[in-house]
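Participant: Mapped onto the UniProt record's numbering, the consecutive letters of the sequence shown carry residue numbers 1 to 288.
Even for Gly, the Cβ is constructed at its ideal location relative to N, Cα and C.
On a predicted model such as this, the values are computed, not experimentally measured, just so you know.
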Amino acid sequence: MEGPRRPPSATAPESDDDKPDDPPSIWHRPTSSLPALPSQDAPPHHWRNHSLNLSIIPATTPSSLPPPDSIPEIETYVVQVPRDQVYWTPPPEHAKYIKKRRNNPEKNKKSGCFKRLMWFFITLVVFGILLGAIILILHFVFTPALPVFTVERLTVKTSNFEVTLRAENPTSNMGVIYMMKKNEVVSLMYKNKSLGRGKFPKMSQAASSSNKVNVKLDGSTKNAVMPPRGSKQPMSMVLMMELNAEYEAGPVKKNKDVVVTCDVKVKGLLDAKKVEIVSENCETEFKN
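#1: Are at least three pairs of beta-carbons, each pair with one atom in the region 158-178 and one in the region 207-220, less than 8 Å apart?
#2: Could you tell me whether the Cβ atoms of M241 and V185 are closer together than 9 Å?
#3: Is it buried or exposed for T123, if we count other Cβ within 10 angstroms and need 16 for buried?
#4: R166 by DSSP, collapsed to three states: which one?
#5: Assess, as a yes-or-no matter, whether the region 251-260 is touched by the region 203-215 under the definition of 3 or more beta carbon pairs within less than 8 Å.
#6: Would you kindly report the start and end of the unbroken beta strand (DSSP E) that includes F286?
#7: Note down the Cα distance separating L269 from M235, rounded to an integer number of angstroms.
#8: Can you tell me where the beta strand (DSSP E) holding A207 begins and where it ends?
#9: Is L239 close to chain D, meaning its C-beta is less than 9 Å from at least one C-beta of that chain?
#10: Expressed to the nearest angstrom, what Euclidean distance is found between the alpha-carbon atoms of residue 290 and M189?
#11: Can the beta-carbon of C282 be found less than 9 Å from the beta-carbon of V260?
#12: Where does G128 fall in DSSP's three states?
#13: Measuring alpha carbon to alpha carbon, tell me which residue in G198, S194, A245 and L239 is nearest M226.
#14: Measure from the alpha carbon of E248 to the alpha carbon of each residue in V141, V78, I129 and R197, then state which is nearest.
#15: Spatial neighbours of M174 within its chain, please: C-beta separation below 7 Å, excluding the five flanking residues on both sides.
#16: From the DSSP secondary-structure annotation, give me the bridge partner or partners of Y247.
#17: Going by other Cβ atoms of all chains shown within 10 Å of its Cβ, with 16 needed for buried, is Q80 buried or exposed?
#18: So the beta strand (DSSP E) L188 belongs to, where does it begin and stop?
#19: With a Cβ-Cβ cutoff of 9 Å, do K199 and V215 count as a contact?
#20: Grab me the residues of K181's own chain with a C-beta within less than 8 Å of its C-beta, minus the 5 sequence neighbours each way, in chain order.
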């Protein structure tokens, strides 16, 4: 019996017996000649899952496939923070204070009322101080000065006297209005006897101005013992009047009672229509 045939060598010459019509030779190696292979366990589960699956997969159309999940859009925000900005949290004492106020609502209400009253009182005090300061300033700035009166002429007629006066207002920042007080008259006296009585006409004067005013007095020399005619001795008479002077400068108004007393010495009171005034002196004062 022949043994197994060996495979031809690559360098062996080709014999005549090896023709293309011959069937291919088959070489077998005895099983007993192979080394024993080590026993292997079943492959791991993940190997089986990722192993090649050579089974036939049925063809599917694109329309039967599920649509892919949409990828959400990611929005980007830019936040700019100043470098010098400091963030801080209130101290814990503030939380205690707030808690205390919440726990005592009645006390908080009383405290709020007290604070409002205190602020109202402070406002009144401040307002009073400001008002007092304004009044004090107005008192010193707008202070009326005493008017000045001068007797310029005295004329004697049959039943009356006519006295010409010059009135001057020395107040530089206030005008004045003169008028007679109620139940008051201008009187001309000689030795405590009245020679004539009359009214002072209403007169307005600007600041730092002077005006003439004529005062008519009803009376005659018959009621008094006069010196004989032709006597050259001066006669002393007194002209008295009490006026109400209303000073005004814008919204500032001040009322003053002015008392005027004029000592006048004259000559020729009985012999001439125009009497010569030898001397005169008028004094004024504020009654209030």
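Facilitator: A quick look at the data gives this:
#1: Taking a contact to require three or more Cβ pairs closer than 8 Å, the region 158-178 and the region 207-220 qualify as touching.
#2: By one-based count along the sequence shown, residue 241 stands at place 241. By one-based count along the sequence shown, residue 185 stands at place 185. Contact: yes.
#3: Taking the first residue of the sequence shown as position 1, residue 123 is located at position 123. With fewer than 16 other Cβ atoms within 10 Å, it is exposed.
#4: Here residue 166 is taken as the residue at index 166 of the sequence shown, counted from 1. Three-state DSSP puts R166 in a strand.
#5: no
#6: Indexing the sequence shown from 1 puts residue 286 at position 286. Looking at the DSSP string, the run of the beta strand (DSSP E) that includes F286 is E276 to F286.
#7: For the purposes of this step, residue 269 is identified with residue 269 of the sequence shown, where counting begins at 1. For the purposes of this step, residue 235 is identified with residue 235 of the sequence shown, where counting begins at 1. Computed Cα separation, rounded: 8 Å.
#8: Residue 207 sits at position 207 when you count from the first residue of the sequence shown. Where A207 is concerned, there is no enclosing beta strand (DSSP E), given that its DSSP letter is neither H nor E.
#9: Among the chains in the structure shown there is no chain D, since it carries only a single protein chain.
#10: This structure leaves residue 290 out entirely; the chain is present only between 1 and 288.
#11: Counting from 1 along the sequence shown, the entry for residue 282 is found at position 282. Counting from 1 along the sequence shown, the entry for residue 260 is found at position 260. For C282 and V260, yes; Cβs fall inside 9 Å.
#12: In the sequence shown, residue 128 corresponds to position 128, counting from 1. If DSSP states are grouped into helix, strand and coil, G128 belongs with the helices.
#13: The residue labelled residue 226 in the question sits at position 226 within the sequence shown. It is S194 whose Cα lies nearest to the Cα of M226.
#14: Taking the sequence shown and counting its residues from 1, one reaches residue 248 at position 248. Comparing Cα-Cα distances from E248 to each of V141, V78, I129 and R197, the minimum goes to V141.
#15: What you label residue 174 is simply residue 174 of the sequence shown in a count that begins at 1. F142, P144, A207, Y247, E248 and A249, listed in sequence order.
#16: Working through the sequence shown from its first residue, we reach residue 247 at position 247. As computed with DSSP, Y247 is found in a beta bridge with V176 and K254.
#17: The residue given as residue 80 occupies position 80 in the sequence shown. With fewer than 16 Cβ atoms within 10 Å of its Cβ, Q80 is classed as exposed.
#18: Your numbering for residue 188 matches position 188 in the sequence shown. Looking at the DSSP string, the run of the beta strand (DSSP E) that includes L188 is V186 to Y190.
#19: Here residue 199 refers to the residue found at position 199 of the sequence shown. Here residue 215 refers to the residue found at position 215 of the sequence shown. Cβ atoms of K199 and V215: closer than 9 Å.
#20: Position 181 of the sequence shown, counted from the first residue, corresponds to residue 181. Closer than 8 Å at the Cβ level, and outside the excluded window around K181, lie E242, L243, N244 and D257.
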